[in-house]
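All remarks here apply to the structure that follows.
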Amino acid sequence: MKKALSGLLLVMIFFLAFYLNSLFGRETPADYSGHPISLPFPEITEITGIIKKGETLFDIFKRHELDMPTLYKLTKASRKVYNLIKVKPNRSYVINTLRLDGSEREEIKNFRYSIDDSHYLKVINGPEGFTAEKVRVAYDKRQSLVRGTISDNLINSIGNDREHVRIAFDMAEIFESSIDFVTELRQGDSYRLLVEELWLNGVFKGYGKILAAEFTNNGKTYEAYRFEVDGRNGYYDSKGSSLKKALMRAPLRFRYISSGFSYRRKHPILKTYRAHRGIDYAAPRGTPVSAAGNGTVRFAGWKGGYGKLVIIKHPNGYETYYGHLSRIKKGIRKGKKVSQGNIIAYVGSTGLSTGPHLHYSIKRQGKFLNPLKIKLPRNRTIPARLTTDFRNRVESLRAELEQGGDKERIAQR
35 MKKALSGLLL VMIFFLAFYL NSLFGRETPA DYSGHPISLP FPEITEITGI
85 IKKGETLFDI FKRHELDMPT LYKLTKASRK VYNLIKVKPN RSYVINTLRL
135 DGSEREEIKN FRYSIDDSHY LKVINGPEGF TAEKVRVAYD KRQSLVRGTI
185 SDNLINSIGN DREHVRIAFD MAEIFESSID FVTELRQGDS YRLLVEELWL
235 NGVFKGYGKI LAAEFTNNGK TYEAYRFEVD GRNGYYDSKG SSLKKALMRA
285 PLRFRYISSG FSYRRKHPIL KTYRAHRGID YAAPRGTPVS AAGNGTVRFA
335 GWKGGYGKLV IIKHPNGYET YYGHLSRIKK GIRKGKKVSQ GNIIAYVGST
385 GLSTGPHLHY SIKRQGKFLN PLKIKLPRNR TIPARLTTDF RNRVESLRAE
435 LEQGGDKERI AQR
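Residues in the sequence shown are numbered consecutively from 35, following this note's numbering.
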């Protein structure tokens, strides 16, 4: 019995020794330092700036010691969206780079370039390389009332900074088929505009679209309400008729009328009396000229005293003439279909001309008409299926005009 107990005791001591050895006698790896393992920590850098006149992306990459082959890949990936060879001064850019601890290689992860006030180019370096897209700026939109009274001219009334000048031109374009803002404005005329304000990160960036407008000219009030029909926004009067006529009275932004429509005018070069069957709009050389309406180009080239000339054929027997052009836009040729507002050429002084201006004529069934006096052909009206929606929209915008939107930004002048 004692021998059995002593044998059992020896076995228990053996297993206890084995367990203690396995618990405390494990071999430590030779490369274990006793400290936590340190993983590479990414260093993220953001480079921001404004492009200077004459500066290129090559200059920017060189200044910040960025990888030039990466610039080539980034530019190539963006080519179908935006050509980065043609970056413009005063536009902003952001470059995000990543570098791992101990690495001399700095990798570009994201690139952003402000194309204009409405869009930016976004380039991302992902698993499949660089991908680019054009993104609309997500502004915070507010509404405000802009109002004033004409004392001498529209610009002085509304303000001569860039944003207010743009609003003035937009308003003149909205009402251009009803009011000639060069010849028909009267002292005491007044206006009210409900406009979008565009804000980004708490900073006012400028004005957006005019949502509603009223203009009182020589005692008569004209109204305009922005409304979408089949995906296209336009301006309509309170009855639902489009303010954009089938033809424009002036297919460009001009400074003044240098010569009016006349059947007997002394020609400034020939010094003889002859008919002047159009309007001469004085404007800087290179000012874009738009198609006055939808149609087909009947002629584009040089034609005698007109110099460089474009003739467009429109529905219902109308034709429009655009003369003394500096150049005709590439692709504008006989048979080309154009839409109202498409740029077709640029102001010049070719042919019998004493200075840069556009000679603009409207012709119907062989007879020239005064663009400033004729009743322009109508465009579209609100479809019956949208009449209720339109009326509700007009009521809402009218109420905003009365209340002043979120705030009144300009006091009456």
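For every residue, glycine included, the Cβ atom is placed at its ideal position computed from N, Cα and C. None of the values given here were measured: they were computed from a predicted structure.
- Burial state of P390 is buried, judged by a 10 Å Cβ sphere holding 16 or more other Cβ atoms.
- N235 has its alpha-carbon roughly 26 angstroms from the corresponding atom of Q437.
- One Cα belongs to G369, the other to Y340, and the distance between them is close to 20 angstroms.
- In terms of CA proximity to I291, T217 leads the group P349, T217 and S211.
- According to the DSSP assignment, N251 belongs to the beta strand (DSSP E) that extends over V237 to N251.
- For R176 and L431, the gap between their C-alpha atoms comes out near 14 angstroms.
- Here V180 is not near V128, since their CB atoms are 8 angstroms or more apart.
- Annotated three-state conformation of A418 is helix, per DSSP.
- For a cut-off of 8 angstroms, the C-beta gap from G329 to M282 is around 12 angstroms, too long to register as a contact.
- Looking only at F402, D314, S185 and L188, the smallest Cα-Cα distance to S383 is reached by D314.
- Segment contact: the segment 153 to 166 against the segment 185 to 199, fewer than three CB-CB distances shorter than 8 angstroms; contact not assigned.
- In the three-state DSSP reduction, R220 falls in the coil class, being neither helix nor strand.
- Taking V169 as reference, the option from H153, Y116, P411 and L343 with the minimal CA-CA separation is H153.
- In the DSSP annotation of this structure, the continuous segment of the beta strand (DSSP E) that includes A316 starts and ends at I313 to A316.
- For R113, the three-state secondary structure derived from DSSP is coil.
- Per DSSP, S272 lies in no beta strand (DSSP E) and is assigned neither H nor E.
- Residue environment: A172 is assigned as exposed (fewer than 16 neighbouring CB atoms within 10 Å of its CB, all protein chains considered).
- Assignment of S212 by DSSP, reduced to helix, strand and coil, places it in the coil class.
- Excluding its 5 nearest sequence neighbours in each direction, L188 has C-beta neighbours in its own chain below 8 angstroms: A202, M205, A206, F215 and L219, listed in chain order.
- For K401, there is no enclosing alpha helix (DSSP H); the residue is part of the beta strand (DSSP E) that begins and ends at K401 to L403.
- Scanning its chain for C-beta atoms nearer than 8 angstroms, with the 5 sequence neighbours on each side dropped, one finds around N252 the residues E218, R220 and D223, in chain order.
- Per DSSP, L281 lies in no beta strand (DSSP E) and is assigned neither H nor E.
- Between the segment 81 to 94 and the segment 105 to 124 there are three or more C-beta pairs closer than 8 angstroms, enough to call the two in contact.
- Between the segment 246 to 260 and the segment 395 to 413, the count of C-beta pairs closer than 8 angstroms stays below three; the two stretches do not touch.
- The residue from K401, R319 and I149 with its alpha-carbon nearest to that of A309 is K401.
- For D195, there is no enclosing beta strand (DSSP E), as DSSP marks it with neither H nor E.
- Under DSSP, I345 shares a beta bridge with F333 and Y355.
- Excluding five sequence positions before and after K347, the CB atoms of its chain that fall closer than 6 angstroms to its own CB belong to G329, T330, R332 and E353, given in chain order.
- Annotation: W336 to K371 spans about 20 angstroms, alpha carbon to alpha carbon.
- Straight across, the Cα-Cα distance linking Y225 with T255 is about 9 angstroms.
- Nearest to K342 by C-alpha distance, out of N350, P349 and H358, is H358.
- If you draw a straight line from the Cα of E210 to the Cα of A418, it comes to about 26 angstroms.
- Note that the C-beta distance between W233 and D151 is not below 8 angstroms.
- Y241 sits close to E231, with the two beta carbons spaced by under 8 angstroms.
- Counting only residues of its own chain and dropping the five nearest sequence neighbours on each side, H98 has a CB closer than 8 angstroms to the CB of I81 and I129.
- With contacts defined by Cβ atoms closer than 8 angstroms, K243 and N413 do not form a contacting pair.
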